[in-house]
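Notes follow the structure.
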Amino acid sequence: MIAEVIFDIPLERAFTYVVPPGLTVAVGQRVRAPLQGKPRVGIVIGCREGAGDGLKALEATVEPGPLLGPAQLALTRWISKESYSSWGSTCVALVPPLPPRAERVGLPGSATGSAHAHELAASAVSEKALLLTGADRDERLLSLLAEAEGRGLLLLVPEIGTAEAWAGRLQSRLGQPVARLDSGRPEHERWRAWMALERGAARRAVGTRSALLAPVPPPATLVLIDEHDPAHKPPGHPRIHSRAVVLERARLEGHSVILTSPTPSVESWWQADSGRLGRSDGSPGPWPAVTVVDSRGALRGSPLSPALRRGIEQTLARGGQVCLLVTRIASALACGECGFLLRCPDCGIPLAYSRVRRECSCRLCGRRERAPDTCAHCLGRQLAPLGWGAERAEQAVRQAFPRLTVARYDAETVTPAGAPRLRQRWDDGSVRLVIGTRQVLKALPPARARLVGVITPDHLLRLPDFRAGERAFALLWAAAEWLKDRGRLIVQTQHPEHYVIRAAVGQEQAGFYKPELRFRAELGYPPFRRLCVLTIKGRHASGARALADECWRELARLDGLSVYPPAPPGRSAGGLRWRIVVKGGNDLPEQLRPVLTPILDRRRAGPGVVEVEMDPVELI
DNA sequence: AGCACGCCGACT
DNA sequence: GTCGGCGTGCTC
């Protein structure tokens, strides 16, 4: 007996092993096999009769039966083709963690098969998918799930923080235990939860990304919470949005889908507009009093306009709490004389400036360097931070309110372990004012908050990223929804007439989606066309340039695409790194395949490497 | 001659 | 992704 196995490596090929006597394996099963002399974990994708002369032998099976049925394997193949991630890395990323040592199946093992190794649905009978918006969406979701009592359920959240709350809510509403597959739980628990689903001992699960393929019996309901959240396309392989996977899985296996979001992605809104997705808007919900502060000509030296400063003083005097929102953690460093913006010489994006550490760092390549004293361009000495990142805003607020206890909440300052401590200090009122990025709204309860100040969303509105408006809209809407009608929302902006600002503060969704869809249609952005970004990295500037030109020439020969010429990411003259943006139709991955496959297959044999990002969430 | 480093092919 | 073989070039 011979088995074909794929591994977590960036290669499309499978490796062939002989199955030793006493071991039984099936397609979809997880196994250990030697690769480059060391045992590694892979997935069996094929079995056939044969002697297997000269082949190495499988070492062991990990579970007694397959983890992935035919339908899930077909889905992983689809994900791999859509995302240009190898089939092996796709499969390995989407199966549960390894079992605890005691539960491992050694030699010999027996293939028991799973309770429901799902076959492909005979006819794709996925009921119409539903998009839930509105302030009461969670409650309406729970009602829908209660009506579907007895069906399987897989509820996917964008990050671990919300998994616990959802598990609790489901349990108290539906009255049955919910399997936890989110990465917030220990590995052995996640493995056991997956196995319980496999056996049919559980049929409801809450999870994060790695639970996308969890075995729920069809027809089940697949729920994607906060479908607009960029966290649904996290770093790492496979590079694909969970929304796309959930919709395709439902089609293949015959599940139904519910997407929820206060501010749906423009893609999903459009799907609903064109009838491919049902939309249920629910009630608009309570809204805060909103003040839009026109900060044109102001805000040079302080993140606090007089109106916001007064608002903070009054809120504190009445015993309320304050949340100040920034749109990014770090500021950039710019020359006050010539306007030169300090960028990473390799990557071309502005370097993040930390005044505390007196250093600049690159978000892409991780390069760190001491903050310079003089401008490399004009030799001027007026280098100053640009924009209100969390660090700089915090310093300014501490200066303005020296006797106030101020806390900062963002990915850089708060560790998963430190979050409960801050939450405690917020709950007991020892922290009266918190400055943070949008995650702060999920981490802290709004009960005693009476003021939210958005320092400014202008940075988002001016980014050369077609999704920036959507992100600004989502931030403002989330801030208002958090506060409800308990307080005041103050937005400082130099663009008070911008449709993103007007729609958000006016609690009027159509005011955002209508002009946004028009803009995207005119310029050929999603959902009207699909995007792909190629990043070309070379060891030498000349090689990188040559490879970028080659990619560009080859792509330009394909029909039905718009291919933009190679450009350094960001605005500075690059060298080692180039970026090519491609626009195409719904089948963009297939359109690109004849050109990309030979180039990707060369790997490091060429003058550089090419990375493919389909459907990018941010273009910066 | 001896070693460090970087490049490149191979992985069953 | 990761390992190891091998060539270039520098040092003792």
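Numbers 1 to 620, taken from my numbering, label the letters of the first sequence in order.
C-beta atoms are modelled at their ideal positions from N, C-alpha and C, and glycine is treated no differently.
Q) Between G387 and S295, which are expected to be in contact by the criterion C-beta below 8 Å, what is the C-beta distance as a whole number of angstroms? A) Going by Cβ atoms, the distance from G387 to S295 rounds to 13 Å, so no, they are not a contact pair.
Beta-carbon proximity list for P234, same chain, < 8 Å, skipping 5 on both sides | R209
Under a three-way DSSP split, which group does D485 fall into? helix
Notebook entry, point to check: Buried or exposed: where does R604 fall if 16 or more other Cβ atoms within 10 Å of its Cβ makes it buried?
Noted result: exposed
query: By DSSP, does L342 sit in helix, in strand, or in coil?
result: coil
Do you know offhand how far F621's Cα is from A503's? No answer is possible for residue 621: the residues shown for the chain start at 1 and end at 620.
For this session: Note down the Cα distance separating S265 from E227, rounded to an integer number of angstroms.
Result: 7 Å
(message) Threshold first: 3 residues or longer. Then list the beta strand (DSSP E) segments lying entirely within the region 488-558, N to C.
(response) 488-493, 530-538
- Determine the DSSP secondary structure at A352, reduced to helix, strand or coil. strand
Excluding sequence positions up to five away, which residues of its chain have a Cβ less than 6 Å from the Cβ of P496?
V292, D294
Open item on the list: To test your reading of the DSSP string, which unbroken alpha helix (DSSP H) runs of 4 or more residues are found completely within the region 282-325?
Closed with: 306-317
*asked:* For L260, report the span of its alpha helix (DSSP H) as first-last.
replied: The question names Leu, yet the displayed sequence has Thr at residue 260. From DSSP, T260 is part of no alpha helix (DSSP H) but of the beta strand (DSSP E) over 256-260.
For a quick check, are the C-beta atoms of L130 and R249 less than 9 Å apart? no
Practice problem: Give me whichever residues DSSP pairs with Y564 in a beta bridge. | Solution: Answer is none; Y564 lacks a bridge partner.
Tell me whether M1 sits in a helix, a strand or coil according to DSSP, three-state version. coil
Problem set entry | Residue from A272, A196, G429, R151 with nearest C-alpha to P218 | R151
Could I get the ranges of all uninterrupted beta strand (DSSP E) runs contained in the region 403-483, with 3 residues as the minimum, in chain order?
406-409, 433-436, 449-454
Nearest by alpha-carbon distance to C323: which of R432, V5, K81 is it?
R432
Exercise for the section: Tell me, please, whether the region 378-393 touches the region 427-442 by the rule of three or more beta-carbon pairs shorter than 8 Å. Expected result: yes
| query | When DSSP builds the beta bridges, which residues end up paired with Y17? | reply | A3
* Where does C362 fall in DSSP's three states? -> coil
- Does DSSP put W270 in a helix, a strand or coil? helix
- Task: Taking all protein chains shown into account, decide if C338 is buried (16 or more other Cβ within 10 angstroms of its Cβ) or exposed.
- Result: exposed
Quiz item: What do you reckon, are the CB atoms on G28 and P70 nearer than 9 Å?
Solution: yes
To the nearest angstrom, how far is it from the Cα of A146 to the Cα of A202? 16 Å
Strictly by DSSP, which residues pair up with G46?
E4
When you compare the region 354-370 with the region 310-322, are there three or more beta-carbon pairs, one atom per stretch, that lie closer than 8 Å? no
Exercise. Skipping 5 residues on each side, what residues in its chain have a beta carbon closer than 7 Å to that of R173?
Worked result: L142, A146
Please list, in chain order, all residues of the same chain as A196 whose beta carbon is under 7 Å from its beta carbon, the five residues on each side excluded. A179, A202
Cβ neighbours of A102 in the same chain (closer than 8 Å, five flanking residues each side left out): none
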